[in-house]
Ligand SMILES: Cc1cc2nc3c(=O)[nH]c(=O)nc-3n(C[C@H](O)[C@H](O)[C@H](O)COP(=O)(O)OP(=O)(O)OC[C@H]3O[C@@H](n4cnc5c(N)ncnc54)[C@H](O)[C@@H]3O)c2cc1C
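In this note's numbering, the protein residues as written are 511 to 977.
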């Protein structure tokens, strides 16, 4: 057992900065290298901030490092989805029947800056910016960098290197290109991409639409969403096919076509977005994909965490939350395998990968649910029924969404298995007119739980027979 004291982290994004803070709190010497400039020193103009849905798994990580009180002022509660139809009519669908369960909108920059401040305040953590990692030699545990300030290259030696360098990870690329061990890797792009837009505040600085919701304009093959910012603006995201359908990113090429598209599909949003054309042509169109890979580690030398190990599509609002939960799980495993890093890395992947694989699959399911099903009558009836069950039987029922989002003691894999079985049970019973909103709730709960258990048992039998 070799003692590893000097830990090098590549990427000071959300996961890397939290990891640096936690490892610093545990007493390790941590150096963290980020390719971008220090975001705390670069001005971001109004309406240009990017926000994320932040929920229980992420909050648990903030508690671990003791900064939940500092995070709270950055949060805007969103109690439900505000659905907008083509006539501009709206319908609020709560995320849970339990009042204390809601998600939050949080600024990516604000949260990242807080984590950097907290990490930097520790004597044993050093941050470096404008230094891009170009290669990791995982056999010798060294990382090569290009320094944008001095325009020079340099190599850093460490006892161990952790790559939290996001979906395009250089450490992951080094594993893949190195061909020194059996490294499995998959990357699946969606047919849809996204573009960020904005709804600016009123002249007085007020919100132009309801503040405490995640707004969705579901249109079957595409959708628009909006999350509130503290300054009164909303960050709006258009999810649309790159090349299919009447309107797509490839053919939305002129201000006239973009206006026509919004006028036809999102007329109420268009009224709030006089800046649409400017945003649309200034902001990039980006791709969405899922990355899975294994193993995450090489011997006791290197490890992938966060999006670098498991990038997912954003439709469950869980990528950051999952990356924060990575740090919580890693921290627990550090307690049990003190000092034996290879055992730590192995145990971490063993417990964690089934859960990150599950949230990747759930996020794809939610892509279809959000753009289409949320507007479907059977789906809406199911949501109302689940809301009522959660409200009246708070200790006995949690929807799939609640299991994933509000139950951090349940792993994503278990939430997926149980949640999918429940969905199947309820949707079948509504479609067959066996249950409805006017029925006796206690009897409905009993039937749903029984039917769910039967589905779970059948799945278990099918699995066992398959082996
Ligand atoms: C459109 C969209 C919406 C999303 N919405 C949500 C949401 O609502 N809720 C949620 O929980 N998640 C959401 N996510 C997911 C979330 O953004 C990611 O899961 C999260 O940022 C992962 O954190 P990370 O630190 O692993 O990676 P990143 O945040 O990508 O950080 C990686 C860091 O590494 C740096 N870096 C990269 N390469 C190098 C290099 N070679 N050398 C040095 N530094 C490097 C980058 O500059 C960056 O700072 C969304 C993602 C997208 C794309």
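The C-beta atom is built at its ideal place from N, Cα and C for all residues, glycine as well.
- Annotation: residue 738 to residue 815 spans about 29 Å, alpha carbon to alpha carbon.
- Taking the CA atoms as reference points, residue 650 sits about 11 Å from residue 666.
- In the DSSP assignment, residue 939 falls within the unbroken alpha helix (DSSP H) covering 922–941.
- One thing to note: residue 673 has its Cβ within 8 Å of the Cβ of residue 646.
- No Cβ-Cβ contact shorter than 8 Å links residue 716 with residue 598.
- Between the alpha carbons of residue 682 and residue 752 lies a distance of about 27 Å.
- Contact between residue 642 and residue 551 fails: their C-beta atoms lie close to 18 Å from each other, not under 8 Å.
- Close CB contacts of residue 862 within its chain, under the 7 Å cut and outside five residues either way in sequence, are with 836, 839 (chain order).
- Counting only runs of 3 or more residues that sit fully inside the region 680–754, the beta strand (DSSP E) segments are 694–709, 723–728, 733–738, 744–751, in chain order.
- For residue 652, the uninterrupted beta strand (DSSP E) run begins and ends at 652–657, by DSSP.
- In the pairwise beta carbon analysis, the region 890–902 is classified as touching the region 929–947: at least three pairs are separated by under 8 Å.
- Taking a C-beta distance under 8 Å as the contact criterion, residue 947 and residue 899 do not qualify as a contact pair.
- Inter-residue distance for residue 762 and residue 586 is about 33 Å (C-alpha atoms, whole angstroms).
- For ligand 1, a non-hydrogen atom lies closer than 7 Å to the CB of residue 824.
- Within 7 Å of the C-beta of residue 697 there is not a single heavy atom belonging to ligand 1.
- Judged by the Cβ position, residue 751 fails to qualify as a neighbour of ligand 1 at the 7 Å threshold, every heavy atom of the ligand being at least this far.
- For residue 688, the distance from the CB to the nearest heavy atom of ligand 1 is not below 7 Å.
- Taking residue 813 as reference, the option from 671, 655, 660 with the minimal CA-CA separation is 671.
- Residue 815 carries a coil assignment under DSSP once its states are collapsed to helix, strand and coil.
- Residue 761 carries a coil assignment under DSSP once its states are collapsed to helix, strand and coil.
- Per the C-alpha coordinates, the member of 527, 728, 561, 520 positioned closest to residue 600 is 728.
- Here the C-alpha atom of residue 823 lies approximately 25 Å from the C-alpha atom of residue 687.
- With respect to the C-alpha of residue 907, the residue from 615, 958, 732 having the closest C-alpha is 958.
- The nearest non-hydrogen atom of ligand 1 is 7 Å or more from the C-beta of residue 588.
- As the crow flies, the alpha-carbon of residue 758 is around 10 Å from that of residue 731.
- Closer than 7 Å to some heavy atom of ligand 1: that does not describe the Cβ of residue 666.
- Annotation: the continuous alpha helix (DSSP H) that includes residue 902 extends over 887–902.
- According to the DSSP assignment, residue 643 belongs to the beta strand (DSSP E) that extends over 641–647.
- Only residues of its own chain outside the window of five on either side were considered, and among them 644, 645, 665 have a CB closer than 6 Å to the CB of residue 654, listed in chain order.
- DSSP lists 543 as the bridge partner or partners of residue 638.
- Apart from the 5 residues on each side of it in sequence, residue 914 sits with its Cβ closer than 8 Å to the Cβ of 826, 828, 869, 872, 922, 925, 926, 929 in its chain, given in chain order.
- Between residue 721 and residue 588, the alpha-carbon positions lie close to 8 Å from each other.
- Here the alpha carbon of residue 965 sits roughly 29 Å from the alpha carbon of residue 612.
- Around the beta carbon of residue 628, 16 or more other beta carbons sit within 10 angstroms, so the residue counts as buried.
- Proximity of the beta carbon of residue 525 to ligand 1 is indicated: a heavy atom of the ligand is located closer than 7 Å.
- CA-to-CA, the gap between residue 773 and residue 748 works out to about 14 Å.
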